[in-house]
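Engineer: If you scroll down you'll find the structure; I have some questions about it.
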Amino acid sequence: MTKTIAIVGGSPKGYIPDLKEFDDDHVMWIGADQGAEVLLHQGITPDLAIGDFDSVSAPSRKNIQARARIFKDYPDEKDETDLELAIREAQKRNPEHILLFGVTGGRADHTLANIQTLFPLRKKGINATIIDRQNRVSLVEPGKHTLKTNRSYPYVSFLPVTLEVTGITLEGFYYPLHEADLPYGSTLCVSNQLIEDTGTFSFRSGILLVIRSKDLT
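Note that the numbering used here has the sequence shown beginning at 31, numbered continuously upward.
Here it is in structure tokens:
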């Protein structure tokens, strides 16, 4: 089992953080199409490069093919996006956690579709986190959960992605809550902050997006 698999997509490069901050011997790196180019530019060798590579130049494609440990090329016309292909390959390796980079920014349809991929992964018992220069996004199901203070991402928002989230309780936060209900579209839990080293949040039903974010200076 590979504990952590990091997938890099082809979103605008300005949204992608310094990937070496997340690199160690226990991480497998997958570059989806242009994401493989990003990995090489940041000094990381892709363990797997996958996609149709229509977003890179011919010389860059040759470079990726020569340097990636595994190279899987697909035709331009296919049912899956390059990111879906990368996620499928990741799932074959039974990871405990998938980190998704290069999947936000640019076109809204791509960003929203990529955020929605968190749901089927969660249903398969895989924790997944979307990370860009300003945000860390994860999806959680009912129960009690713990968050640790992260000064790099000081703001915490809870957004309902179902028609209603019921019984949400926040403890250890600047704005605490007790047994509140969040209808879809509610902004009640936007831009909170932890005031202790750890805090907890719990809810009875529904699905939440947990977004940890920061202001860019």
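For every residue, glycine included, the Cβ atom is placed at its ideal position computed from N, Cα and C.
All figures in this text were calculated on a predicted structure; none of them were measured in a lab.
Output the boundary residues of the alpha helix (DSSP H) element that contains Pro112.
Structural biologist: Within the sequence shown, the letter at position 82 stands for residue 112. At residue 112 the sequence reads Asp, which differs from the Pro that was named. That run of the alpha helix (DSSP H) goes Asp112 to Lys122.
Engineer: For Ala210, which residues in the same chain have their Cβ closer than 6 Å to its Cβ, ignoring the five residues on either side in sequence?
Structural biologist: Along the sequence shown, one-based indexing puts residue 210 at 180. Around Ala210: Ile198.
Engineer: Rounding to the nearest angstrom, what Cα-Cα distance links Gln20 and His140 in this structure?
Structural biologist: Only positions 31 to 247 of the chain appear in the structure, and residue 20 is not among them; the question remains open.
Engineer: DSSP on Phe52, reduced to helix/strand/coil?
Structural biologist: Start at 1 with the first residue of the sequence shown, and residue 52 comes out as number 22. Of the three classes helix, strand and coil, the one that applies to Phe52 here is helix, per DSSP.
Engineer: Just reading off the beta strand (DSSP E) that Thr34 is part of, what are its end residues?
Structural biologist: In the sequence shown, residue 34 corresponds to position 4, counting from 1. That run of the beta strand (DSSP E) goes Thr34 to Val38.
Engineer: Indicate the three-state DSSP secondary structure (helix, strand or coil) for Ile94 in the structure shown.
Structural biologist: For the purposes of this step, residue 94 is identified with residue 64 of the sequence shown, where counting begins at 1. Correct three-state label for Ile94: helix.
Engineer: Quick one, which of Asp54, Ser87 and Ser243 has its alpha-carbon nearest Ala36's?
Structural biologist: Working through the sequence shown from its first residue, we reach residue 36 at position 6. The residue with the shortest Cα to Cα distance from Ala36 is Asp54.
Engineer: Identify whether Phe83 lies in helix, strand or coil by the three-state DSSP scheme.
Structural biologist: For the purposes of this step, residue 83 is taken as residue 53 along the sequence shown, with counting starting at 1. Coil, per DSSP.
Engineer: Three or more beta-carbon pairs under 8 Å between the segment 97–108 and the segment 120–129, yes or no?
Structural biologist: Counting Cβ pairs under 8 Å, fewer than three are found: no touch.
Engineer: Buried or exposed for Pro76, please, with buried defined as at least 16 other CB atoms from any protein chain shown within 10 angstroms of its CB.
Structural biologist: The residue given as residue 76 occupies position 46 in the sequence shown. Buried, since its Cβ has 16 or more Cβ neighbours within 10 Å.
Engineer: So, for Val86: in the same chain, excluding its five sequence neighbours on each side, which residues have a beta-carbon less than 6 Å away from its beta-carbon?
Structural biologist: Numbered from 1 along the sequence shown, position 56 holds the residue referred to as residue 86. The answer, listed in chain order, is Gln64 and Glu67.
Engineer: Nearest-angstrom Cα distance between Leu212 and Lys153?
Structural biologist: The residue you call residue 212 lines up with position 182 of the sequence shown. The residue you call residue 153 lines up with position 123 of the sequence shown. Approximately 22 Å between the Cα atoms of the pair.
Engineer: If we count the other Cβ atoms within 10 Å of its Cβ and call it buried at 16 or more, is Ala138 buried or exposed?
Structural biologist: Residue mapping note: residue 138 aligns to position 108 of the sequence shown, counting from 1. Ala138 is exposed by the Cβ-count criterion.
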